[in-house]
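Chemist:
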């Protein structure tokens, strides 16, 4: 999201800014977070067509667990495979759900799952 306006920043603009950091030696590799299959494919294609202008995205960090699987498995996995982009999953225990931390009889009103009901 761009600036204070809440407007999306075009992929070309994002990657051009990141390329400057790579060329300056401040960043070695580029990864993205919470990205869509469209975003991964778009950024990969920009790099493929203009490798001197745009860096290669090598990883995507999205939520992935036994509870939250569909976002990755419904398209992002194929995009990552096709463009050789690694997944760095976050929240592999589904925010504590898979650890047994939240049991229906003991879930506090202050617990994350109570505070953010749509989280999982």
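Residue numbers (UniProt numbering): 1 to 120. All C-beta atoms in this analysis are idealised placements derived from N, C-alpha and C, irrespective of residue type, glycine included. Every value quoted in this text rests on a predicted model; they were computed, and no experiment measured them.
Just list the residues that DSSP pairs residue 31 with in beta bridges.
Modeler: In the chain shown, counting from the first residue as 1, residue 31 sits at position 31. BP columns for residue 31 point to 59.
Chemist: Under a Cβ-count criterion, where at least 16 other Cβ atoms within 10 Å of its own Cβ denotes burial, should residue 72 be classed as buried or exposed?
Modeler: What you label residue 72 is simply residue 72 of the chain shown in a count that begins at 1. Its Cβ being crowded by 16 or more others within 10 Å, residue 72 is buried.
Chemist: CB-CB under 8 Å to residue 11, same chain, minus the five flanking residues each way: which ones, in chain order?
Modeler: Start at 1 with the first residue of the chain shown, and residue 11 comes out as number 11. Counting only Cβ-Cβ distances below 8 Å, and skipping sequence neighbours, we find 39, 42, 43 and 46.
Chemist: Between residue 19 and the rest of its own chain, which residues show a CB-CB distance below 8 Å, the 5 nearest in sequence each way excluded?
Modeler: Counting from one through the chain shown, the residue named residue 19 turns up at place 19. Taken in chain order, the residues that qualify are 53, 54 and 55.
Chemist: Are residue 68 and residue 94 closer than 8 Å when you measure CB to CB?
Modeler: Stepping through the chain shown from its first residue, residue 68 is reached at position 68. Stepping through the chain shown from its first residue, residue 94 is reached at position 94. Yes, the Cβ-Cβ distance between residue 68 and residue 94 is below 8 Å.
Chemist: Do residue 88 and residue 59 count as a contact pair if the criterion is CB distance below 8 Å?
Modeler: Indexing the chain shown from 1 puts residue 59 at position 59. Indexing the chain shown from 1 puts residue 88 at position 88. Yes.
Chemist: If you measure between the beta carbons of residue 75 and residue 57, is that distance less than 8 Å?
Modeler: Indexing the chain shown from 1 puts residue 75 at position 75. Indexing the chain shown from 1 puts residue 57 at position 57. Result no, Cβ atoms of residue 75 and residue 57 do not sit closer than 8 Å.
Chemist: Leaving out the 5 sequence neighbours to the left and right, which residues in its chain are closer than 6 Å to residue 1 when beta-carbon positions are compared?
Modeler: Position 1 of the chain shown, counting from 1, holds the residue named residue 1. Residue placement at residue 1 cannot be trusted, given a pLDDT of 47 that sits under 50; the coordinates are not used to answer.
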